[in-house]
Amino acid sequence: MPKKVLLLIGTKKGAFIAESDKARRKWTLRGPFCETWPINHIVGDPETGAIYAGGGNEWFGAAVWKSTDLGKTWTHSSKGLNYEAGEDPVKAVWSIAPKNGSVYAGVQPAGLFRSKDGGKSWRHVEGLRKHPTKPEWQPGAGGLILHSLVPHPDDDKKMWIGISAAGVFYTKDGGKTWETRNKGTRADFLPEGQNYPEFGQCVHCVVMAPGEPDLLYQQNHCGMYRTEDGAKTWKSIENGLPSSFGFPAAAHPRDPDTVYLLPLNGDSAGRYVPKGKAAVYRSRDRGEHWDKLTKGLPQQNAYFGVLRQALATDSLDPAGVYFGTNGGVLFGSRDEGDSWEPIAEHLPVISSVETLVVDR
Amino acid sequence: MSATESANTIIVRLPAILVDLFPGSRRRVEMNAATVEEMVDELERLWPGMRDRLCDSTPAIRRHINVFIDGDKAKLDTKISRGAEVFVLTAISGG
């Protein structure tokens, strides 16, 4: 039986944890953790209960922090989290994914690391940066970052990753070799006639549907997409959305057809919620139709954005949905997005929100 | 010459926010080191992981970490004379 729901919040000034019981009506906030380092992503491993937080400090570089007591105490390590001497050094950790006994870390400049000892030490998965397209990878506004880690739930040789702005890549051999997986996603920032390249798309976020590993959803700089064939081909699902721009996407914990997005007004229009009115968009049919969810969200003078890893669902029934803004407000819904209320205000810029349901 | 006389004993002063990251470490460290690189090696031996906080994989002292010896900014290959006091400082940085 679930006893506690933890919201794991990465911010520009450390990690925070909001905690509630399964009713999710009252929340208590703890933090800041990780010595107020900028934390780009903080995730929980449902198998072990460990919490990992990745970030980078201007003074001390990149590291992954770990807590095995739900945030009371923390250690950090960056052992092995380095490129070879002479390469542009690792600046920050941007994404973390524990899966099948490994922990994966995506970093800036874009690369992938794997830990097999619970984050004590790391090894570079070199195959990705040996990809022939690597010399042409271009950084987005946030830098050349590997932000989306989508490991296959059952086969630890298979994984999809997203790099801004190099696109989606897929491995089926544990990271030795990688294939580009961007067919059908646009690059509006390239000259006319060259808008569907093999790679170079500005992918913002990729998530996997529960129970269907080949069904992925993608928020891109230029549109929203779905694939049903493991990213061999992508189909636009932006009909019915207020813009083609946004950062995060979140899958439902049980229903593969349900997906959440938080569109922003456009890349050159301010990158805040359209018309200053906040809304989460939910589809129950894989992106064919969208519901605009606004109950409890500010409907005037709202000029915030939501970053790529700052929208999440929990695993309870009905599912909780949460997002954190770049203005430091954390909103939550305990009814699958039908209604919302603020959980925490006045936080630093929120980079990421994830959930961990624990039974102790 | 005895071993003690040949040792290049120095004093290293570390910033508080670095010491906070390594339980058991301390702000004033007496050690033997003839270069900044040897000093970093000894800090790493004492508190594993400290090298990565001070140096990147270039390898070089991190951009926003300053090492001063007798008022001069030092690099990894800078020599340290016996009895010198080495200050490791965090630069003005952040936002």
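Here the protein sequences line up with chains A and B, keeping their order.
Heads up, my numbering is the position in the first sequence plus 2, with the first residue counted as 1.
Heads up, my numbering is the position in the second sequence plus 1, with the first residue counted as 1.
Positions of the beta carbon are idealized from the N, C-alpha and C atoms, including for glycine.
Quick caveat: nothing in here was measured; it's all calculated off a predicted structure.
query: For the 8 Å Cβ check, are there 3 or more pairs between the region 201 to 212 of chain A and the region 147 to 155 of chain A?
result: yes
field: N- and C-terminal bounds of the alpha helix (DSSP H) containing Asp42 (chain B)
entry: 37 to 47
First and last residue of the uninterrupted alpha helix (DSSP H) at Leu19 (chain B): 17 to 20
- request: Measure the alpha-carbon distance for Leu22 (chain B) versus Ser69 (chain A) and round it to whole angstroms.
  value: 14 Å
- prompt: CA-CA distance, Val282 (chain A) and Ser117 (chain A)?
  reply: 35 Å
message: For Glu228 (chain A), list the residues DSSP reports as bridge partners.
response: Sequence check: residue 228 (chain A) is Arg here, not Glu. Arg228 (chain A) pairs with A:Tyr219, A:Lys237.
message: I need the straight-line Cα distance from Ala87 (chain A) to Asp269 (chain A), nearest angstrom please.
response: Whole-angstrom Cα-Cα distance: 36 Å.
Check whether Leu313 (chain A) and Tyr274 (chain A) have beta carbons under 8 Å apart: no
query: In chain B, which residues lie less than 7 Å from Pro91 (chain A) when you measure between Cβ atoms?
result: Close partners of Pro91 (chain A) in chain B (Cβ separation under 7 Å): Asp57, Ser58, Thr59.
field: Inter-stretch contact (C-beta, 8 Å, three-pair minimum) for the region 215 to 225 of chain A and the region 238 to 256 of chain A
entry: yes
query: How about Ile126 (chain A): is its C-beta nearer than 8 Å to some C-beta of chain B?
result: According to the sequence shown, residue 126 (chain A) is His rather than Ile. So no, His126 (chain A) is outside the interface.
- prompt: What are the boundary residues of the beta strand (DSSP E) that includes Asp23 (chain A)?
  reply: 16 to 23
message: Please identify the residue among A:Gly169, A:Ile163, A:Pro155, A:Lys122 whose C-alpha is closest to the C-alpha of Gln140 (chain A).
response: Ranking the options by Cα distance to Gln140 (chain A), first place goes to A:Gly169.
- prompt: Taking Lys159 (chain A) as the reference, which of A:Asn184, A:Gly129, A:Ile165 has the closest Cα?
  reply: A:Gly129
message: So if DSSP puts Val359 (chain A) in a beta bridge, which residue, or which two residues, is it bridged to?
response: A:Val7
- prompt: Taking Cβ-Cβ distances shorter than 7 Å, what residues in chain A pair up with Thr91 (chain B)?
  reply: Trp61
- prompt: Leaving out the 5 sequence neighbours to the left and right, which residues in its chain are closer than 6 Å to Thr179 (chain A) when beta-carbon positions are compared?
  reply: Gly129
field: Beta-carbon separation (whole angstroms), Val109 (chain A) vs Val92 (chain A), contact threshold 8 Å
entry: Contact holds; Cβ gap of about 5 Å.
- request: Answer with buried or exposed for Pro85 (chain A), where buried requires no fewer than 16 other C-beta atoms within 10 angstroms of its C-beta.
  value: Residue identity differs from the one stated: residue 85 (chain A) is Tyr in this sequence, not Pro. A residue is called buried when at least 16 other Cβ atoms come within 10 angstroms of its Cβ; Tyr85 (chain A) meets this threshold and is buried.
- request: Could you tell me which chain A residues have their CB closer than 8 Å to the CB of Leu22 (chain B), listed as they occur along the chain?
  value: Glu37, Phe62, His78
task: Reducing DSSP to helix, strand and coil, say where Leu13 (chain A) ends up.
output: Residue identity differs from the one stated: residue 13 (chain A) is Thr in this sequence, not Leu. DSSP places Thr13 (chain A) in strand when its eight states are reduced to three.
field: Of the residues A:Lys122, A:Arg27, A:Pro137, A:Asp175, the one placed nearest Ala112 (chain A), counting alpha carbons only
entry: A:Pro137
query: Taking all protein chains shown into account, do 16 or more other C-beta atoms lie within 10 angstroms of the C-beta of Met2 (chain B), making it buried, or fewer, making it exposed?
result: Low local confidence applies: a pLDDT of 49 at Met2 (chain B) is under 50, so the model's placement there is unreliable, with the coordinate-based value given in what follows. Exposed is the call here.
- request: Check Gly307 (chain A) in the structure and name its three-state DSSP category.
  value: When secondary structure is reduced to three states using DSSP, Gly307 (chain A) falls in the coil class, being assigned neither helix nor strand.
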